[in-house]
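For the record, the sequence lines run as chains E and W. For the record, in the first sequence the residue sitting at position 127 is 127 according to this note's numbering, with numbers rising by one throughout. For the record, in the second sequence the residue sitting at position 302 is 302 according to this note's numbering, with numbers rising by one throughout. Even glycine gets a Cβ: it sits at the ideal position worked out from N, Cα and C. Report on the structure given below.
Protein chains: 2
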Amino acid sequence: MKDLGHGANVEPMARMYNKNPKDIIDFSSNINPNVIQGLEEYILEGLQESRSYPDIKYTNLRNNISQYIDVRPEFIIPGNGATEIIYLLMKSIDKRIAILNPTFSEYERSARLNNLDVINLNLDESNEFEIDLNNIKENINKFDSLFVCNPNNPNGKVKNLEKLLDIIVDNNKLLIVDETFMEFVEEEEKYSLVKYVEKYPNLFILKAVTKFFGLPGIRLGYGLTSNNDIIEKIYNYKEPWTINSFADTLSNYIFKDQKYIEDSKEYYIDERNFMLSELKSINSIHVYDTDTNFILIRLNDKRAKEIKVELLREGNILIRDASNFIGLDDRYIRIAIKSHKENELLIRHMKKLLGD
Amino acid sequence: MKDLGHGANVEPMARMYNKNPKDIIDFSSNINPNVIQGLEEYILEGLQESRSYPDIKYTNLRNNISQYIDVRPEFIIPGNGATEIIYLLMKSIDKRIAILNPTFSEYERSARLNNLDVINLNLDESNEFEIDLNNIKENINKFDSLFVCNPNNPNGKVKNLEKLLDIIVDNNKLLIVDETFMEFVEEEEKYSLVKYVEKYPNLFILKAVTKFFGLPGIRLGYGLTSNNDIIEKIYNYKEPWTINSFADTLSNYIFKDQKYIEDSKEYYIDERNFMLSELKSINSIHVYDTDTNFILIRLNDKRAKEIKVELLREGNILIRDASNFIGLDDRYIRIAIKSHKENELLIRHMKKLLGD
Chain E
1 MKDLGHGANV EPMARMYNKN PKDIIDFSSN INPNVIQGLE EYILEGLQES RSYPDIKYTN
61 LRNNISQYID VRPEFIIPGN GATEIIYLLM KSIDKRIAIL NPTFSEYERS ARLNNLDVIN
121 LNLDESNEFE IDLNNIKENI NKFDSLFVCN PNNPNGKVKN LEKLLDIIVD NNKLLIVDET
181 FMEFVEEEEK YSLVKYVEKY PNLFILKAVT KFFGLPGIRL GYGLTSNNDI IEKIYNYKEP
241 WTINSFADTL SNYIFKDQKY IEDSKEYYID ERNFMLSELK SINSIHVYDT DTNFILIRLN
301 DKRAKEIKVE LLREGNILIR DASNFIGLDD RYIRIAIKSH KENELLIRHM KKLLGD
Chain W
1 MKDLGHGANV EPMARMYNKN PKDIIDFSSN INPNVIQGLE EYILEGLQES RSYPDIKYTN
61 LRNNISQYID VRPEFIIPGN GATEIIYLLM KSIDKRIAIL NPTFSEYERS ARLNNLDVIN
121 LNLDESNEFE IDLNNIKENI NKFDSLFVCN PNNPNGKVKN LEKLLDIIVD NNKLLIVDET
181 FMEFVEEEEK YSLVKYVEKY PNLFILKAVT KFFGLPGIRL GYGLTSNNDI IEKIYNYKEP
241 WTINSFADTL SNYIFKDQKY IEDSKEYYID ERNFMLSELK SINSIHVYDT DTNFILIRLN
301 DKRAKEIKVE LLREGNILIR DASNFIGLDD RYIRIAIKSH KENELLIRHM KKLLGD
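In structure tokens, the structure reads:
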């Protein structure tokens, strides 16, 4: 497989630097370090279910998601991770797609593999990667769909997209919002566009389940839209049985665990404050504000590649070299917010390597 | 989701006939009723692994499969079930594909969704669905690839494909063989073409893992080829992280469980003999010979739809109405070979409904 340039490549990095993969602390992928209580029991229930095929229509899974987010089950398209839905969506929309960069590279890859015309627009780096609405309006006739990630990977600052949605609706375009990291946001209800899904067929929202719930290896995500034309096209292309029985079964429990959800939100509020304040005390870096579970940093005097190797060698810490994001360069790194103890370790090593 | 016409649709059928899905005995999908020992422990290990992303290159998984089937890891393409590989393959081969019917409908669906030209050729129903080599030769200039399932779904009789492979190699075409049900065959080594993968780049083999190992909800399959052009094209299209951590972890154990593998083979030899001899005693049906874990039956005096409803109503038994396979009609049904007790129950109900 070609290197797609993502984080979480612990094993090859460990091999390259003669480390045991088990010793590496992975700050390169953005996963909640906490999981719900009772998980083992639910997984063993999933094991029983896995002895037959999952329901090809995933009726129960869609009902569980429906109750969680208050969107009708027929507007919910479950996937083998959000990735499956991204790729299906690209088969199901009109030819010209604009993508707001820097952002997750799979949007562009999936668009190009499905022969879409990609227009790369830029977020305003000098203003916390704000969306430039005038720029969108100027380019409105050049695209059919606009893809935005909110909070955006790699910078993590949540944006209010209501004005953007108005522009898209007024011009009868499609707004695609990847809200994979929205559940980490303090005022989620204010920023999430899920509440507009049933109202506007011009909206398609992507959600990952297993990042916030700390289980990315289980693979579960979904798409939300009331656009029947897109739903029909997606199901025309969708492969059968893509979601495994563990993800299917777990949906009976994870979305109802209010305590886990609230505790995780609280945890990230505290830990973001801690990390941002500690990192901002380092003079030789610029720390971007974040509302989610990762932080983008621009180095003043070092290259991303260098500090990545230094942190791995000296601290067994793997960070994300963010230089391959469109619009960023070799000064950018991205780090996850992990357990408090691990975060402290990272801060200690960063201060040692970069000075206070 | 549109009805794709597969078996295993227990829940909608149960709802339609006011049954509890848990009470239905599913003879419509072809799954080994046995599983390996120690499964719970391995699954809980998989749960730990699922807290981070699976290795994007699935190096360990490919090595485990490599040891099991003695094919080099770089020729192994793991998938979220064999289904993922079927769909990727259809993006990666030349325009014209011939399919030998009746067979699994996803081959044609995946080919058409990827804009391939499909040529449907027929197996010889009057001769145990034998492959007509003269017919292949006559049509050889009409296709680039030939797709065959061996043992074929829905009839289950294994074929020796060596002469067919010779024809394909001589004409520099591609032979695609779905060996999903090959592990159930008594003389697997004799019939499987895996031994030719490294020799002939004209060969692509599909394998499902979780049917023989009784865990279809875990989702694991793979493709095998030494055709570097196809491998490169598949990885060009392949989505990242499609295989979940449970499947990845389980690969450390299932392929090494010789006792399970041998016991399952023995079990199916005995149970096939039992089922075939009992079914052949029913005068009003024609029973096709099988080498795998399902049996195709042609009814003389009844329609498939009728007996399907009768078995469900009276015996809580769900069978596969096989009338939607290309080349079959409304007289055909397919039944799985399940546990001995369940098989006895099916036989009893069939005899009651169809006479001795």
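- A buried status is given to residue 227/W, since no fewer than 16 other beta-carbon atoms sit within 10 Å of its beta-carbon.
- Under the 9 Å criterion on CB atoms, residue 6/E is classed as interfacial with respect to chain W.
- A Cβ of chain E is located within less than 9 Å of the beta carbon of residue 39/W.
- At least one C-beta of chain E is nearer than 9 Å to the C-beta of residue 57/W.
- Three or more beta-carbon pairs separated by less than 8 Å are not found between the region 212-229 of chain W and the region 62-73 of chain E, which leaves the two stretches without contact.
- Taking 9 Å as the CB threshold, residue 51/E lines the interface with chain W.
- Contact note: residue 293/W does not reach chain E at a C-beta cutoff of 8 Å; the least C-beta distance is about 14 Å.
- Chain order gives the chain W residues near residue 87/E as 239, where near means a beta carbon separation below 7 Å.
- Residue contact with chain W for residue 201/E: absent (no Cβ-Cβ distance below 9 Å to any residue of chain W).
- In terms of Cα proximity to residue 116/W, the closest of 93/W, 124/W, 136/W and 105/W is 93/W.
- No Cβ of chain E is located within less than 9 Å of the beta carbon of residue 92/W.
- In this structure, DSSP gives residue 154/W a state outside helix and strand, which the three-state scheme calls coil.
- Measuring C-alpha to C-alpha distances from residue 286/W to each of 292/W, 356/W and 145/W identifies 356/W as the nearest.
- By the neighbour-count definition (other C-beta atoms within 10 Å, threshold 16), residue 164/W is a buried residue.
- Nearest CB-CB separation between residue 12/W and chain E: below the 9 Å threshold.
- For the pair of segments examined, the region 3-19 of chain E was found to touch the region 312-321 of chain E: the number of CB pairs separated by less than 8 Å reaches three.
- Under DSSP, residue 339/E takes part in no beta bridge, so it has no partner.
- Its chain contains no residue whose beta carbon lies nearer than 7 Å to that of residue 70/W once the 5 sequence neighbours on both sides are disregarded.
- For residue 101/W, the enclosing beta strand (DSSP E) covers residues 96-101.
- With contacts defined by Cβ atoms closer than 9 Å, residue 30/W and residue 244/W do not form a contacting pair.
- Across the region 186-219 of chain E, CB contacts with chain W closer than 9 Å involve 210, 214, 215, 216, 217, 218 and 219, in sequence order along the chain.
- Distance from the Cα of residue 209/W is smallest, within the candidate group 135/W, 298/W, 41/W and 180/W, for 180/W.
- In chain order, 28, 29 and 320 place their CB closer than 7 Å to the CB of residue 7/E, counting only its own chain and leaving out the 5 sequence neighbours on each side.
- Residue 72/W counts as exposed, since fewer than 16 other beta carbons sit within 10 angstroms of its beta carbon.
- Contacts with chain E (Cβ-Cβ distance below 7 Å) from the region 12-33 of chain W involve 26, 29 and 31, listed in chain order.
- Under the criterion of beta carbons closer than 8 Å, residue 304/E and residue 330/E qualify as touching, at roughly 5 Å.
- Shown here, residue 286/E sits in a strand according to DSSP, grouped into three states.
- Taking a C-beta cut-off of 8 Å against chain E, the contacting residues of the region 61-85 of chain W are 80, 81, 83 and 84, listed in chain order.
- Here DSSP, grouped into helix, strand and coil, assigns residue 129/W to coil.
- The secondary-structure analysis by DSSP pairs residue 208/W across a beta bridge with 221/W.
- Contact annotation: residue 186/E and residue 261/E have beta-carbon atoms that are not nearer than 9 Å.
- If you compare the alpha carbons of 100/E, 75/E and 106/E with that of residue 83/E, the shortest gap goes to 106/E.
- The alpha carbon of residue 134/E has as its nearest neighbour, out of 95/E, 190/E, 121/E and 214/E, the alpha carbon of 121/E.
- Between the beta-carbon of residue 272/W and that of residue 337/W there is about 6 Å, and that keeps the pair under the 8 Å contact cut.
- Each of 24/W, 45/W and 33/W was checked against the Cα of residue 252/W, and the nearest Cα belongs to 45/W.
- Among the bridge pairs identified by DSSP, residue 194/W is matched with none.
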